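Throughout the sequence shown, residue numbering follows our numbering, covering 543 to 991 in sequence. Down below is the structure, laid out as structure tokens.
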Amino acid sequence: MGLLSSFKRSFSHGVHPAHYKGQTENLAIQRVPFGNRYVMPLGQHIGAPAIAVVNKGQHVGRGELIAKPGGFISTALHSPVTGTVTEISPQRTLDGSFKPTIVIEADPFSAQRVETTPPASWEELSIEEFIETVQQAGIVGMGGAAFPSHVKYSIPDGAHIDDLLVNGAECEPFLTNDHRLMVERPETVIQGTEILRQKLGAKRANIGIERNKPEAIRALEKVLEKSPSLPITLSPLEVKYPQGAEKMLIQSVYRKEVPAGQLPRDIGVAVNNVGTVVAIADLFATGAPLIERVVTVSGPGIDQPANLMVPLGTPVRDLLSFCGGLNDKTREIIMGGPMMGFPITSLDVPILKGSSGILAFTEEETARPHEYPCIRCGRCLEACPYFLNPSRLALLSRNRRYEETMDYHVMDCVECGACSFACPSNIPIAQLIRTAKDNLRQNPVEEAA
Ligand code: SF4
Ligand code: SF4
């Protein structure tokens with residue numbers, strides 16, 4: 543099997559924002575020292591929140607189960623530290639709302655070892671047992687969306703997966719957490735990819751990586767050179783946003799379209815993030831559930847940017863102080879990347895399973911540019927990878943004609959922000975579309991009889 547596919551791969555439309563990865567791309571992942579307080583919201587992903595199985599005052603070990611899955615589209619939660627449960631109460635979350643949360647005070651005298659034993663060998667598990675093991679380990683998509691991974695591995699009767707696609711595109715500017723995982727742990731990336739490929743019964747696997755990560759490509763290539771029989775191919779991709787969006791990645795690597803309203807598995811593909819395949823490999827090597835992740839801390843408002851291995855539940859405030867604190871010019875903190883991330887309302891919000899980055903921006907980047915009327919230039923249409931009509935959707939949303947946005951397939955918008963980036967009139971198109979979607983979710987439109 544060829545290691546590297548050499549032709550230029552990409553998808554239609556998209557935009558080319560500057561990468562801004564230079565601040566952190568060469569910084570090795572550092573482990574942050576343990577702090578005092580860890581905040582674990584029960585709902586950290588799409589689907590039902592987990593259900594607490596611990597009580598206030600209870601002592602918990604690092605890696606111990608603290609909440610069980612609340613349904614099939616839900617995963618378990620484990621304690622990120624050895625310590626004591628001090629609260630089970632509503633705490634502030636990313637969007638400012640309060641949600642049920644387990645708060646743990648770390649034991650300052652604990653060595654913080656993970657006391658787990660590896661599960662049965664993955665080769666011996668049936669697919670149902672494998673799915674159950676992944677769900678109980680709390681593993682979700684680590685690229686940002688945090689969709690419970692085991693749900694993706696539950697293939698309906700009659701369907702089958704031919705191709706496993708590992709997402710190493712990391713197309714959001716500033717973020718380098720996936721890049722560092724590929725550079726520093728290439729064997730684990732390949733191991734996790736092979737475990738998943740075999741368990742899903744896929745014939746082949748591809749790892750899609752943007753070409754601005756040559757060091758990661760080279761590191762993975764070296765591992766594959768030692769195991770030429772593995773059916774795993776590296777696919778270097780054009781540097782373009784949003785190359786890492788699931789359907790775009792499939793288009794770039796396989797030249798296949800996932801029809802609107804369908805999932806990758808409907809065309810025989812399963813997509814998993816690099817961080818997720820590493821979590822799977824770690825689970826079967828050591829038994830460690832998902833209790834920590836790599837986070838990039840960067841942006842012009844940070845004096846000491848870094849790639850950090852962070853226990854889940856760590857307050858953003860603690861990460862920022864480890865990185866030398868915010869400089870005087872900082873005006874806004876974003877969780878995630880600058881294109882799809884969210885501004886946080888409090889530094890007390892915690893790092894969650896889907897938190898890939900903490901970015902600090904100054905007045906210069908956050909000052910809202912003056913908005914001009916639409917000049918019908920069509921750049922937003924050329925940017926939209928989903929072939930939507932962003933200018934029309936934005937106009938309808940601005941006029942609160944939310945129902946009519948359904949005629950323009952508003953729900954197919956993935957809120958990637960490429961349209962806003964391309965707009966010369968500085969119209970906040972993606973924000974307006976998000977407003978329309980939120981309103982439609984709260985007041986669903988009745989289907990015509
Ligand atoms: S935010 Fe929505 S409408 Fe705008 S480019 Fe992305 S998918 Fe298209
Ligand atoms: S890019 Fe902006 S100005 Fe151009 S058509 Fe779209 S909304 Fe109008």
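C-beta: ideal position from N, C-alpha, C; glycine also. Please read these numbers as outputs of a predicted model, since none were measured by experiment.
For L825, the enclosing alpha helix (DSSP H) begins and ends at V816 to T828. Distance from the Cα of L850 is smallest, within the candidate group G843, G841, E834 and P842, for E834. Checking the DSSP bridge columns, you'll see K598 has no partner listed. Pairing P885 with V891, the inter-Cα distance amounts to about 11 Å. Judged by DSSP secondary structure, R859 falls within the alpha helix (DSSP H) whose first and last residues are V858 to F864. Taking 9 Å as the cut-off, the beta carbon of G585 is found no closer than this to the beta carbon of L832. Closest option to L619, judged by alpha-carbon separation, among M877, T675, C961 and P880: T675. Inside the segment 693-763, DSSP marks whole alpha helix (DSSP H) runs of 4 or more residues at positions 719-726 and 728-742, from first to last along the chain.
In the displayed model, I615 falls within coil according to three-state DSSP, outside both helix and strand. Collapsing the DSSP output to three states places T977 in a helix. Straight through space, the alpha carbons of V708 and T828 are spaced by roughly 22 Å. Judged by beta-carbon spacing, R579 lies within the 9 Å limit of E647, meaning their Cβ atoms are closer than that value. The segment 869-954 contains, as complete beta strand (DSSP E) runs of 3+ residues, the segments 872-877 and 899-904 (chain order).
Per DSSP, E788 is not a residue of any beta strand (DSSP E); the alpha helix (DSSP H) it occupies stretches across E788 to Y796. With a cutoff of 8 Å, R921 counts as near ligand 2, since its C-beta is closer than that to a heavy atom of the ligand.
Contact check between the segment 786-794 and the segment 656-675: fewer than three CB pairs, one atom from each, fall below 8 Å, which does not count as touching. In the assembly as shown, Q973 is an exposed residue. Its beta-carbon has fewer than 16 other beta-carbons within 10 Å.
Cβ-Cβ distances below 6 Å link Q565 to S840 and P847 in the same chain, with the five nearest sequence neighbours on each side left out; the list follows chain order.
The beta carbon of P932 sits closer than 8 Å to at least one heavy atom of ligand 2.
For D954, the distance from the CB to the nearest heavy atom of ligand 1 is below 8 Å.
Here the alpha carbons of N981 and Y944 stand approximately 7 Å from one another. The segment 709-722 makes no contact with the segment 796-804; the number of CB pairs closer than 8 Å stays below 3.
Out of R859, G638 and V813, the CA that lies nearest to the CA of L742 is found in V813. The way I'd put it, the segment 949-964 doesn't touch the segment 907-918; fewer than three beta-carbon pairs between them come closer than 8 Å.
For L938, the distance from the CB to the nearest heavy atom of ligand 1 is not below 8 Å. In this structure, the alpha-carbon of K782 lies about 16 Å from that of F929. Under the three-state reduction of DSSP output, K610 falls in the strand class. Distance check between G899 and each of P880, Y914, S652 and P842 places P880 closest, using alpha-carbon atoms only.
Note that the segment 608-616 touches the segment 684-700; at least 3 beta-carbon pairs, one per stretch, sit closer than 8 Å. Looking at the DSSP output, T838 sits in a beta bridge with N849 and G899.
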